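Asker: One structure coming up, written as structure tokens, with questions to follow.
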Amino acid sequence: PKFETLSYLPQLTEEQLVKEVEYLLRNKWVPCLEFDLVSFYFFKIDLWRFELSYYVENKIGTNFYYELCVCMCAQEGSISRKYNRSPGYYDGRYWVMWKLPMFGCTEASQVINEVNECAKAYPKAFIRVIGFDNVRQVQCISFIVHKP
1 PKFETLSYLP QLTEEQLVKE VEYLLRNKWV PCLEFDLVSF YFFKIDLWRF
51 ELSYYVENKI GTNFYYELCV CMCAQEGSIS RKYNRSPGYY DGRYWVMWKL
101 PMFGCTEASQ VINEVNECAK AYPKAFIRVI GFDNVRQVQC ISFIVHKP
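Numbering (full-length UniProt numbering), first residue to last: 1 to 148.
Structure representation (structure tokens):
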């Protein structure tokens with residue numbers, strides 16, 4: 001499947017990735033890594049209905065309900081409308097941030113090392129690099145750097 005910027009090109013080599021990150025740094029954008037687990041399924045939709053009804057019937061703590069909602073939003077590295085068809089709602093739109101944004105990062109090798117660490121910790125995850133403009137408070141670039 002295709003995801004976002006650069007996804008229609010072949011997988012970036014490490015040298016190409018370094019050049020993309022250097023471009024990001026030249027523009028004074030803050031690098032940030034995010035990942036989305038592919039096999040992070042706690043349920044299918046029928047199981048979700050069962051767990052939700054179990055929660056309602058037994059009125060167990062809010063932690064269970066929160067975990068259930070978090071699990072429901074877990075996706076396969078893509079944005080979809082599988083669990084809710086409401087206007088403006090999409091599953092998989094929130095990715096987990098890897099550590100903190102890399103404020104003060106000056107070299108592409110620092111970002112590559114973090115990508116490798118994240119891939120080692122979460123081998124079944126999609127990983128993307130984001131370039132964040134901290135002056136305008138906007139995300140300027142985002143591209144997938146690792147696919148499971």
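Glycine is no exception: its CB is placed at the ideal position from the N, C-alpha and C atoms.
The structure presented is a predicted model; accordingly, all values stated were derived computationally and were not measured.
#1: Who pairs with R128 in a beta bridge, going by DSSP?
#2: Using 8 Å as the threshold, is the region 21-38 in touch with the region 126-139, meaning 3 or more CB pairs across them?
#3: Near M102, which residues of its chain fall below 6 Å by C-beta distance, leaving aside the five closest residues on each side in sequence?
#4: Could you check if L17 is buried or exposed, using at least 16 other CB atoms within 10 Å of its CB as the buried criterion?
#5: Just to confirm before moving on: does the CB-CB distance between V145 and V115 stay below 8 Å?
#6: How would you write the range of the alpha helix (DSSP H) that V18 sits in, first residue to last?
#7: How big is the Cα-Cα spacing for E117 and F35?
#8: Three-state secondary structure (DSSP) at Q137?
#9: Among residues of its own chain, excluding the 5 on either side of S7, which ones have a beta-carbon nearer than 8 Å to its beta-carbon?
#10: Taking all protein chains shown into account, do 16 or more other C-beta atoms lie within 10 angstroms of the C-beta of E22, making it buried, or fewer, making it exposed?
#11: Suppose you measure from the CA of I141 to the CA of N134; what does that come to, to the nearest Å?
Answerer: The structure says:
#1: Here the question's residue 128 lines up with position 128 in the sequence shown. DSSP output for R128 lists E34, I144 as bridge partner(s).
#2: yes
#3: Numbered from 1 along the sequence shown, position 102 holds the residue referred to as residue 102. For M102, where only same-chain residues beyond five positions count, the Cβ hits under 6 Å are P31.
#4: What you label residue 17 is simply residue 17 of the sequence shown in a count that begins at 1. Buried.
#5: Counted from its first residue, the sequence shown places residue 145 at position 145. Counted from its first residue, the sequence shown places residue 115 at position 115. Yes, the Cβ-Cβ distance between V145 and V115 is below 8 Å.
#6: If you number the sequence shown from 1, residue 18 lands on position 18. 14-26 is the span of the alpha helix (DSSP H), which, as asked, contains V18.
#7: Walking along the sequence shown from the start, residue 117 turns up at place 117. Walking along the sequence shown from the start, residue 35 turns up at place 35. Going from the Cα of E117 to the Cα of F35 covers about 12 Å.
#8: Reading the sequence shown from its first residue, position 137 is the one you call residue 137. Looking at Q137 - three-state DSSP - the assignment turns out to be coil, as it is neither helix nor strand.
#9: The residue you call residue 7 lines up with position 7 of the sequence shown. Hits under 8 Å: F143, I144.
#10: For the purposes of this step, residue 22 is taken as residue 22 along the sequence shown, with counting starting at 1. It counts as exposed.
#11: Stepping through the sequence shown from its first residue, residue 141 is reached at position 141. Stepping through the sequence shown from its first residue, residue 134 is reached at position 134. Their backbone Cα atoms lie some 13 Å apart in a straight line.
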